[in-house]
Structures are given as C-alpha cells and as structure tokens.
Amino acid sequence: MDQYHVLHPIGEGSFGKVYKGRKKGSGQIVALKFITKRGKTEKELNNLRQEIEILKGLYHENIILLLDSFETSHEFCVVTEFAQGELFEILEDDRNLPEAEVRKIAQQLVHALYYLHSHRIIHRDMKPQNILISANGIVKLCDFGFARSMSTNTIVLTSIKGTPLYMAPELVQELPYNHTVDLWSLGVIIYELFVGTPPFYTNSIYTLIHLIVKDPVKFPDNMSPEFKSFLQGLLNKTPSERLSWPELLQHPFVRETDQEKKDRKLRTEFYNQWAASVHHSGGKQLKAEIFEIEELPNPGQADKAKGAGADKAFVNDKHLPNFDFDNYPTVAADDDGMNSPRIVDEQWQKFEKQSQDEMGATNLRHESQLLDRIIGVFQMTPQELKQKDKKSALQVGLKVLANILTKGTSEDQNQDITKSSSLPTLLIQMLKNLMKSDIKMPELLSDLVKNVALLGKSNFNKQIGIETIVMKVFIPLIPILIKDSSSPQLQISALKSLGIFASQASIIPIRMQNFYKDLIDQRLIADICQIVQSVGQVATPLQKVAVQVLSVIINPIYGDTYSFPWKRGPHDNLNEYLEALPSFDQVRQVAFQHLAEFDFLQKLVMVFNSEDENQHVVTKVAVLRIITQLLRLKKETSDTVADMIINHNQTMQYLNNSIFNSKDGLIQACSIQIYGLLQKFLMTIKKDPIVVLRLDHAKIVDLFEKNVGASGESLVAVTACGVLSDILSLENQASFIIQQKLSQVNSLSLLQQLLDVNKNKSDIKKIDGTNFGVPYVGYYDQPLSLLQKLLVKWQVDQKMNNAAKDKKNDLMSSINTINIGDTVMNFLLNLTSKTDLSPRGFIAMMNFIHDMVANDQKPFMQKMFKNCLKLKCSLMRDDQLLAVQEWPQFAGGGQAASSMITTQILRIFNIPFNNPIYDKDVDQISNDLAKADIIYLTLNSLKYVSKENISIAVTLISRLVFNAESSKVFAQQFVQGGGLANIAKYKLLAEDNSSALIVDTLSLISQLARISKDFYENIHQANIYNDLKALIYHKDASIRAKVCNLIGNLCRHTGFFYEKLLKHGLISAAIECCRDSDRNTRKFACFAVGNAGFHNDVLYEHLKPCVPLLVDLLKDPEEKTRANAAGALGNFVRNSNALCKDLIKHGALRQLLDVVGTDKGPSQSPRRIALFSIGNLCVYKECRVEFEKMGIRAIIDPYTQQATSNDPQVIKYAARIIQKLNMDQPQ
C-alpha cells in the first residue's frame, strides 16, 4: 500500500469497498478494492489468492485490468485500472437504447466473455452495475472472478440475498452450472438495454424466481430478426441448448464487419502497449489473447511451467525434438590445457551449490543479489576474460543461470530475476564481442549460446514472439557458429538454439514470417542441409540434431491450428494465413532444392539407421516427418520426390521394415502415411501400387486391427485406414480381399471404435504437423473414407449381382448388426469446430449417409431425418459454406468442397421423394423441411453448387412444391425467396442445359401457376417468355411437352397471360405442337390452347388455325389427348360464337358426337368432356341446328338414363344438352 494514495470511496462491489486512488510518483489513477478476510476459511483464502494471481494475467480491452494486489493480516487489496460510467447509469438516464447502440455493447461483452471463458473463468455476477462504459464507447467488464473461490451453494445464496434479476434459472434453483450462466445474464442485460426493463421483473423475489424458471420471454415487435434470434439463443432455460462458443461469436447480430475487425485489431494493439506500460510486471506477464474462433488454444499440454506466464513450445514426448542441453556446464575448469582449478569467491560457490537442486534453484530465481552478480559478469570484456578469476566467475554465473532456468520454478513473476530484460541483451552482446575478438574460447561461446536459448525457452510469450534482439543479433550469428568445425559442441549448441527458436516461431508463424525469411536469406537452411550432406556411415550427434531442426522448420509440430470449419462462420484472420502461406512454402521448397543437390535419401537412411530404437526415436521420427513433408510439396515437386523414393531401394526397405517390424507406434504410423502418399502418386499415374510398392496389404489390415483400442497406437490404425481406403478404389485381388476382411462384424466394429468421438485420440499433428496453421488432414478423415469406400464397393457388387451369399461377410448386414450408421449420426450430431475432421473427411461422411439412405436403409433414414435434418440444413447456411469455401484446397476445402457438401446434402434430401419405400415418410419429412426453411437454403445453395449439379437443387424444390400436403407453403417460400429471379440468374432454362434440369424448372414454374393466380405477376416478372419460345421447339420431346403444360397452367386461373403469350409467339407455337410427333406434347398442347380460350374470347381469332388440328386429335390414340382436345373445342365457344362457323366447317360437331358414341376409353373422360363441350356448343342456335341434323338426340338420349355404365357426370352433361336442345321447341 506504500505505493498508492487512497483518495476517496467510490462504491462497494460484491466483495468489498472500492476507493479511488493514485499511484505515488505518477499521475496514474487507480481503483483500490478491499476484500475482507473475515468469515473465510483458510481454504477459501488460498483459493482467493490463486484467483487473484490468475486474474493478474488477463489482458483484454473489454475487461478491467488488474494492475497489482497486496495482502494484510485482515484484508486483500486489489488494484485495477480506474474507469467511470456504469451501464446502470445509462439505463437510469435513457431507459433504453437504439438497437444499433445495443449491438455495439453486445459485441464487446461477447468478446470479453469469450476471453474469460477461454481462461476457464466464470463471472457469475453479470449485471449492468458491473459493466462500465467510457466516453469513447469502450465497454469494460469488472467485479468478477473472486466469488469463484466460494462453494456453489454459498454463491447462490449470497446472490439471491441481492437480486436474481440477471441470474440464470439453474442458479436461482441452486443447481449445478457452468459458463452458460454468464450467457444467460448477457441476454438479460442486452434485453434490458433495448426494452428498458429485464425480461422478468417484479418486486417479489419468490415471484421473480418463478418467472425466471417457468415463464417464456416476450420479445417486442420492433426487434430485428437477427437481434431476436440472438436473444432467443441466450435466454434459453436449458443451459445445454443456449447459444455458446464458438457459434456465439459468429451470430449475425454480433459478427463484426471487416472494418470492425480492423478497428478492434488496432485498439487491441494500442491497449496491449498501454497495459504493458502500466502493469506491475512491466508487461512481462502479458499473455496472448485466446484466439477467438480462429484457433484452438490447445497445442498440447506443455511441460510443468518453469514460471507462470511463459508460453511453452515443447511437450514431454520422446518422439518430438525438445533440444535440451545435456552435460552442462561444458567446462568444469579453465580450458588452459592444465585443468587449473577455477578461482571464484565463496558467494559464487554458494550460489553454484544452491542451484544444483530444484528447491535451491527456485529460491535463487528470487535472489536479487544473484541478478546483480550475473549482470556484473555478463558485462565483462573479452580482455577481462583472460584473467582466470574473471573467466571462472563468468563460467559459474552461466552455470548458475542455466540451472535456475532448467531446474527452478517461479510463483512470483514480479520477483523472478530471469525475467530481467537486460539478461538476453547482455548475453548476446558478450557472445558477439567474444566472437569478434581474437580470443578463442569455443566452450565459453557454447555456454553463452545455451543460456541465450534457455532464456528464450523459459520466457517465450506468444503475444510478444521471439525477442527483437534474438531476431536481429543472435540469429545472424548462428550461421557462423555452426560452421566452426573446431568445436562440435559449439555447433550442436548453436543448432539446438536454432531448433528452440524455430519451434517457438512455429507457434505464431504468421507473426514470425521474418524468422522464416531469415532462414533463407542467411542461408541457414542451406547450412543445415550441408550438415546432412556430410553424414557418413554413422550419423554424428551434430548431424542428428541438424535433421531434427530441419524437421521442425519444414514440418512444425507445436503451433496451434485454426479450428476446422464446422458450425461456425468464416475465420477472422484466415486470410492472413493464406497470404503468408507462400513464404512458408518457399521455406520447404528451398529445403528441397538444397537437399536435391546430393543423394539426400541415402543420407537420411544413414541417419535413420544410426539411432537405436530401443534408446531413442526422436531422430527416426524426424527423418520420417521430413519425407512426409517433402511429399506434401506442390504437385510437380512432390511427384519428383515420390518417384525418387520409390526408386531408392534402401529408403523403401527401411520404410517397409518400420511398418512391420518397428515396436514404436509413431514410427509405424509415419511410415504407413508415407506409403499412403506414395500410393496416391502411383494411382494418379495409373500404376498399380500393389505391384510397384510390393506392400503386404493383408499385414496392413492386421496392423489396423491390432492398433484399435487402449493397447495400440491409434495413429497406426488411422493411417492404415488411409492406405486400405485407396486400395479399395482399385479393381484387383487385394481390393477384394480387403473388402471381404473388413466387411466382417469384428473388423467393422474396430472401425466403429475409431469414430467414437468420446474416446481419447492421438494427435495426427505428430505425423503431418500443423502446416503453420491449417492441417492437411483430420484424424477422422481416413476412417470415414475407408467406411465410405467399403459401402461403395458393396454397392458395385450389388449392381453386378456379386453380393456375397455368406451373410457373415455382407457389409450391409454387418453395418446393421453393430449399428455403425448410428455411430456416424452421433459423430455428425457432436460435430464442432474442434472435431478433428477436414472437409475431405466430412464429404466422405456425407457420401456414406447418402449411400445408406439410397440403399433402402429405412430405419437409418428415419433416424437421420428425425435427428439430423435441422443440423444438415444448418450446414447449408452461408456462414457454414463460406467457412468451408475459404478453407484451403490442399486441406480439402475451397469452392469445390462447399459445392460437394451442398450437393450431397441436397441429394440426401431428394431421396425420399424418389423412392417408393419412403412414401409414408414424405409428408413428415416435408413438414420438417418446411420448418427448417429448406426452400430458402436450397435457393441460396445455387451459388455454391456446380453447373452440372444445379439440377439436384431444382429437383428438390420441384419435388417439395409438388408435394400435395405442403405445396402451397413451399411455393410461397420459393416465390418470396426470389426463386423465380434465380431462373434467369443461373440460366436454368438455357437450351444447352441438361433435359432433366430444364424439365424440373418448367415443372416447378408450371406448378406455381397451377397452385394459384397469386403467383402470376411473379412469374411474369421473371420474363421467361423468350426461353419458352426457344424450348417449345427443343429436340427433346419431354421439354416441348413441359412447355405446353406450363402454357396451359399460365392460362388456368385468369386471362392474365393471354396477350403476353400471344405477343411472344407462344400461342401459335402451342398450336403448332398440336401436330407434334410426340403424343405427350400433343396432349399438353391441347391443354394449353384449350385454357387459352377459357376465360374470354380475346384469343379466339388467333386460335382459329387450331380448330382442324383439334378435330383430328379427337381420334388420337391417347385417351387424355382426346379428352383435352374435346375440352379445348368446348372452350372455343365458351365466351362467344366467334368460332362456331369454323367448328361447323371443320366437322368438330360431328367428331364430338362420334367421341360420345364410340370412344372406348376406360375412364370415360373423353366422353364426359365431349358431352360438356357439346353442351357449350348448344348454347348457340346455329350449332343446335347442325346437331339436330346429325340426329344428336338418338346419340345423347341413352346417356341421360341411370345405368351402371354411366357415371353421374355423364348423365348430368347429357341432360344439360337435351335441355339446351329443347330451347328451340315450342313451350
């Protein structure tokens, strides 16, 4: 407290009194919060201390910065930045805010909460009083975290004594809870900002609790749909169903625009600089902000931290390079050739002895006297080092520093002497000075290099990256150091230090692009490759380290990766990665160019064979990872590498031996992966990989089966799946054997285990690396691909009638026996951005689901549509498809991937409408699809699907609009969603389209016209007349028929289209189709011209040429055509007698009577309609006279009688005719 002036009280928080204060010696205003110890147990106090330490490390512009903390015998004091302006005050003054202002506040609060939750901190007391807002609109969340040290019940009871207005249902009920309680509170606060009151408000606390638990939220009408959707997602009474991470960040209401992202990025950079300048640690404790949607903050569990605040790049894994320095120090005495004893004082001897064990080293990290001494010896000149006592002091100082860095830990970062910013500067400057001098002390140089690296390893911070002095001064020294062949130990130290910094650069590669540029510019990659070139029969330690460093450079392991593109929108900063990718590719390309200058495969063989697997495997794995990455280069280069490997006998020999004889799972998995990549190469050049690679595929199956489960290495099983999957694409004996083996229940159940998302899995990055941010493959890709290929193979057999008679080996029988379909559905339902599945694997899963439904697996289909329909629809939304589209092509993403995903989902939705086995399910499926806005989604998907697959989308819409139960709903959705405009936009009626696409599009428009005249204006606005004019003469008869059918439906309800059709020549074209050679075309042409005369006589004169054609069609062999022709002739006199003379002239009356008397149609439709049309004609005297001459009564009378052969309509229409004929009889 000596550092602060307490000015005056400013309020009380949930944990104590708050005062305004000022830091002595500066003008910095702070808030001082005092938390009493009274009433707290020792456990609670310890938890509170721990919480304060955690909160000290939080740096976010929307969270009040905790600057410092102190503790007295009776209270804690927490020092934070000072901010004014509670959100509560805004609510008191303004009552409510416009939606645009609410959105700005919501965006900031969402980012603040995501940051907290990413650090596993729950606020628990979100309310307007705990939200501050500055004059420039920056929101600050405060007063959080400390209640976390209490028990759950204590928190609940304490809160309810206040007001539960903002508390989630589970909190007021004293139920277990998680971070989603904050999201509920966020929803309440945002609701109140807009409406003016919380969603549940009453003076009675018990009534309030009842409302929170039971009552639905009422939303005002003036909320935008996006805002309402946002609040509905947060104010869900079921915690597991609340909108949560990472989807919340990408919700349309709070998703940032590109400009907003840029603004936030600038603010964050400014904030971090400010925070580092005012924080008690001077910025040393500044942590990287958790990547907000873009990255998975889980690069693997680091070693036990050697000081909180450091971001560890290394994991304790025998397979991965750790670049530890062994046998420290290099020299125990002066290197004067006489083993002279070191000359150091008692204090140095005490420090040296104390640093030998963990406790002593830890204590020394807080020893300021040691720091003074270390700084003193690091400031010595090369000339001073000629003195034995000076040199001895430096040696001991270096040893002590190395010991406390490697053996000690620190719980108080403020007092940790290894955090002194002067240490790396002094070390590197001394190293540089010593290298410039004529004094040769290689061992001392080695110890200096080690300490620079150890400091970097201990203090690395993702927010800061590799320190500038290391980049600018130390890295350029490494090429000189690794060429000093007089000291192999110095060379190894320099190489290991490079490996350490390369590992750190790989954690934040986009920000460390200059590091990778320096590797090329300073020829460090060339130098490493030169060391590899020097390998003899047995690799030296230096050469092994060189291989390890090269593997880390071109196949990084430790960095975070962007989350896969599932259930989220596009990444905020993936473009940065894509822009940086060429520089990373260049690093790999340069490495290959240098390696290609010599027989690098032979050298790698020697390195690989130099390591005894029973003792170490890190170098063997490094060799395999280098080869894997070379096979991932751009196609031309990777093809060259693949060809080199296949023709290099010794490489193929150790790969084969590693697969089948190695006892190390990762070595096996890496080798299998390489074989898989070689296999893909051979398949692209149409060579049989079984013949060329001579791989024992049966043993690969055995490896797959042995490595599923707790006792095996799942990466072996996963990579084996990839190899077996590709073999199944071939038509050979190996493919058949694999199919038979894996189709059995036992083998298939193992594959099922690999797809269990609840089981622990190995990290495939150990093989393929992070690729600097976007992995090549996902863990589940290859198992799903294998499952899908098995099903494809089974389908081929079914079509060729080669299905195995033995049910035990029948794939579909096995699938249903173990319910692997349910496993795939469960996998899909649990899919998140953290699921290790690339778009390539996702497409394989969609293909499997499609093929299951297409192969009449009705129970699977019913479950899939019931459980996954909504999810599948969500996968067709713009945010999801754009996320896939931006995902790089090499990793399975891109435009082709979003197109394939969309297409396959549409195919799945189409199947029930095309397969009679699903007839009883169609209505329910249609209703569910309607609720999921499938029409809007499908229309939107047109921009993603390829031209050749666009018909699949149109077919689905057409089937839905044709479905009798819900056709009107779908028709309205189609029109309101701008579906008709898409016809022109995507040229759906272009002549060169497939007949299926044209027919479905015509059918869709025709159905709209048939359903309601309300759609006429929309159809007219679509302006398809010219398309119809071209299509009515199409060579495909089915298209001509559909155009005629459409014209008929356009004339169905009103005469709206009469003159429009006439103007575009479609009436004359329809008339011409009445003489078409295709009977369906003739049938619908009759329908078209008939309706063209139904509503008025505007077109009668233009329909006159059609009369003789219709008369001839009354004798057409097609019953429906005869009926349509009869109906058309009746319509031609429905509105006037303008065509009576033509009808009489061309024998229409006689032919209609012949239809009545002689038509043999089983449905009586031609007779019935002919009778109706004759009745229309009988309205006019001239026609009645002609009919009487023909003896009409004798023909009609029999049909007026009740008889089993006469249907009621026939009798009715016949009686109508007699009635009209009698009009001429005297009354």
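Just so it is clear: in the sequence shown, position 49 is 48 by the working numbering, and no numbers are missing. Backbone N, C-alpha and C define an ideal beta-carbon position, used for all residues, glycine too.
Other residues of its chain near residue i: CB distance less than 6 Å, five sequence neighbours each side excluded
{"i": "L979", "result": "N1017, A1021"}
{"i": "G407", "result": "A360, T361, R364"}
{"i": "M851", "result": "G820, F859"}
{"i": "Q107", "result": "N61, V138"}
Reduced DSSP secondary structure (H/G/I, E/B, other) of residue i
{"i": "D67", "result": "strand"}
{"i": "A538", "result": "coil"}
{"i": "H570", "result": "coil"}
{"i": "H4", "result": "strand"}
{"i": "C1073", "result": "coil"}
{"i": "T79", "result": "strand"}
{"i": "V29", "result": "strand"}
{"i": "G1160", "result": "coil"}
{"i": "V138", "result": "strand"}
{"i": "T650", "result": "helix"}
{"i": "V131", "result": "Just to set this straight, residue 131 is Leu in the shown sequence, not Val. Reduced to three states, the DSSP call for L131 is strand."}
{"i": "I159", "result": "Interpretation of I159 is limited by its pLDDT of 40, a score under 50 that renders its predicted location unreliable; the figure taken from the coordinates is listed afterwards. Looking at I159 - three-state DSSP - the assignment turns out to be helix."}
{"i": "R21", "result": "strand"}
{"i": "T1000", "result": "helix"}
Per-residue burial, residue i [other beta carbons within 10 Å of its own, 16 or more giving buried]
{"i": "G977", "result": "exposed"}
{"i": "E60", "result": "buried"}
{"i": "Q394", "result": "buried"}
{"i": "S367", "result": "exposed"}
{"i": "D323", "result": "exposed"}
{"i": "F226", "result": "buried"}
{"i": "R37", "result": "exposed"}
{"i": "S496", "result": "buried"}
{"i": "S484", "result": "exposed"}
{"i": "N646", "result": "exposed"}
{"i": "Y205", "result": "exposed"}
{"i": "A697", "result": "exposed"}
{"i": "Y1198", "result": "buried"}
Spatial neighbours of residue i in its chain, beta-carbon cut-off 8 Å, leaving aside the 5 residues before and after
{"i": "T424", "result": "I468"}
Given residue i as reference, the closest of the options once Cα atoms are compared
{"i": "S562", "options": "E885, G1092, S409, E1100", "result": "E885"}
{"i": "M875", "options": "G568, P1225, R123, K482", "result": "G568"}
{"i": "D1013", "options": "I1191, G1054, K984", "result": "G1054"}
{"i": "N992", "options": "F969, Q972, N757, D1035", "result": "D1035"}
{"i": "D728", "options": "K679, K1114, K227", "result": "One point to set straight first is that residue 728 is Ser, not Asp, in the sequence displayed. Comparing Cα-Cα distances from S728 to each of K679, K1114, K227, the minimum goes to K679."}
{"i": "D559", "options": "G772, Q649, M605", "result": "G772"}
{"i": "P475", "options": "P441, V640, Q428", "result": "Q428"}
{"i": "N770", "options": "G1156, S582, R1039", "result": "S582"}
{"i": "K869", "options": "N854, A538, S925, L1176", "result": "S925"}
{"i": "K1159", "options": "G1129, D1115, E1181, L210", "result": "D1115"}
{"i": "T71", "options": "F33, E43, L654", "result": "F33"}
{"i": "L248", "options": "R624, F659, D878", "result": "D878"}
{"i": "A853", "options": "I916, S957, N981", "result": "I916"}
{"i": "I982", "options": "S661, L265, D701, L941", "result": "L941"}
Chain-order list of residues whose beta-carbon lies under 7 Å from that of residue i (same chain, five-residue window excluded)
{"i": "N731", "result": "D687, I689"}
{"i": "I491", "result": "P540, L541, V544"}
{"i": "Q1163", "result": "D1206, V1209"}
{"i": "D805", "result": "Unreliable placement is indicated for D805, whose pLDDT of 49 sits below 50; the coordinate value is still reported in the next sentence. Around D805: no qualifying Cβ."}
{"i": "I1194", "result": "L1152, V1155, G1156"}
{"i": "C260", "result": "In the sequence as displayed, the identity of residue 260 is Lys instead of Cys. Around K260: D571."}
Within-8 Å CB hit, residue i to chain D
{"i": "L694", "result": "Of the chains in the structure shown, none is chain D; there is only one protein chain."}
(message) So within the segment 1013-1057, which uninterrupted alpha helix (DSSP H) runs reach at least 4 residues, ignoring any that extend past its ends?
(response) 1015-1021, 1024-1030, 1036-1049
(request) Taking only runs that begin and end inside the segment 1131-1182, name each unbroken beta strand (DSSP E) of 3 or more residues, in chain order. (result) none
(request) Please go through the segment 414-459 and give each complete alpha helix (DSSP H) segment of 4 or more residues, from N-terminal end onward. (result) 421-435, 441-458
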